[in-house]
Amino acid sequence: MFKRKDFKPFDQKVWLASPTMHNGAEMKYVIEAYETNWMSTVGKNINEVEKIAAEKAGVKYAVALSCCTAALHLCVKFAGEKLYGKPPISQGALYKKYVFCSDMTFDATLNPVVYEGGIPIFIDTDPASWNMDPVALEKAFEMYPDVKLVVCAELYGFSGNIRQIKEICEKHGALLVEDAAEAMGATWEGQQCGSFGDYAAVSYNGNNVLETEVREMGL
-14 MFKRKDFKPF DQKVWLASPT MHNGAEMKYV IEAYETNWMS TVGKNINEVE
36 KIAAEKAGVK YAVALSCCTA ALHLCVKFAG EKLYGKPPIS QGALYKKYVF
86 CSDMTFDATL NPVVYEGGIP IFIDTDPASW NMDPVALEKA FEMYPDVKLV
136 VCAELYGFSG NIRQIKEICE KHGALLVEDA AEAMGATWEG QQCGSFGDYA
186 AVSYNGNNVL ETEVREMGL
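Counted the way my numbering counts, the sequence shown spans residues -14 to 204.
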């Protein structure tokens, strides 16, 4: 049991992530973007980031978007339409469908499920990894065998056993949306995070691994 008296506070605040500049190269590219006026939704920098992101993750396509919620929304929408077909105009792609979701994550992981009319079912967290527990996921499929979509977040850049999560999804004929927002460049057993899911999203927000002209990427 947690007892506050057993823990000594840190002398200084421990940040989730803090920006780090390397040899001034980052500022060079920032200034170049301003001077050439390529700071919005198009330009060679964005094209290059899309290319590098796809190559790094080992996937065919990478599409830059305004935020990770938008990337995850597209992932969830595509998955829903692949599973259940194109919905009527008045309904989302997951209308009244249950979806297994990580229970320890930022709300952007599951907001798109609700946007598309789905009903999140939270899967417990493995205390060793702070990520979705494969054992709990397997039990959830036993209880809800009709579920066909799993949205799994890789918290703080660590994937947990994402390969086992993927194998469980395949066993039950479910698609996997991999929220790799904080896991750009991380690997599990030599495979890049962002390449396990049927659809995936990575983030370039200021408190994540990499900051770029674009905010997020759909893989």
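Where is the CB? At the ideal position from N, CA and C, for every residue including glycine.
### Simplified DSSP assignment, three categories, for Asn30
In this structure, Asn30 counts as helix in the three-state DSSP scheme.
### Message
By DSSP's criteria, Gln176 is part of a beta bridge. Which residues make up the other side?
### Response
Residue pairing for Gln176: DSSP places it in a beta bridge opposite Trp173.
### Query
Going by C-alpha distance, which of Trp23, His58, Ala171 and Asp92 is nearest Ala78?
Per the Cα distances, His58.
### Query
Does the beta carbon of Thr5 fall short of 6 Å from some heavy atom of the ligand FAD?
With respect to small molecules bound, the structure shown includes none, and the ligand FAD cannot be examined in it.
#### Entry: Proximity to Val99 [Cα-Cα], best of Tyr19, Ala113, Met12 and Val84
With distances taken between CA atoms, Val99 lies nearest to Val84 out of Tyr19, Ala113, Met12 and Val84.
### Query
Hey, how far is the Cα of Glu198 from the Cα of Val187?
Residue confidence for Glu198 is low, a pLDDT of 42 falling below 50, so the modelled location carries little weight and cannot support an answer.
#### Entry: Asp(-9) versus Gln(-3): straight-line alpha-carbon distance, rounded
Rounded to the nearest whole angstrom, the CA to CA distance from Asp(-9) to Gln(-3) is 18 Å.
### Query
Would Val132 pass as a contact of Cys154 if the rule is Cβ separation under 7 Å?
Using a Cβ distance threshold of 7 Å, Val132 and Cys154 do not count as a contacting pair.
### Task
Assign Pro73 to one of two classes, buried (16 or more other C-beta atoms within 10 Å of its C-beta) or exposed (fewer than that).
By the neighbour-count rule (16 or more Cβ atoms within 10 Å), Pro73 is not buried but exposed.
### Task
Decide if the region 88 to 103 is in contact with the region 122 to 132; the criterion is three or more beta carbon pairs, one per stretch, under 8 Å apart.
Segments in contact, no.
### Secondary structure of Ala49, DSSP reduced to three states
DSSP places Ala49 in strand when its eight states are reduced to three.
### Integer Cβ distance of Ser144 from Ala171, believed to fall under 8 Å
Cβ atoms of Ser144 and Ala171 come within 8 Å of each other, at about 6 Å.
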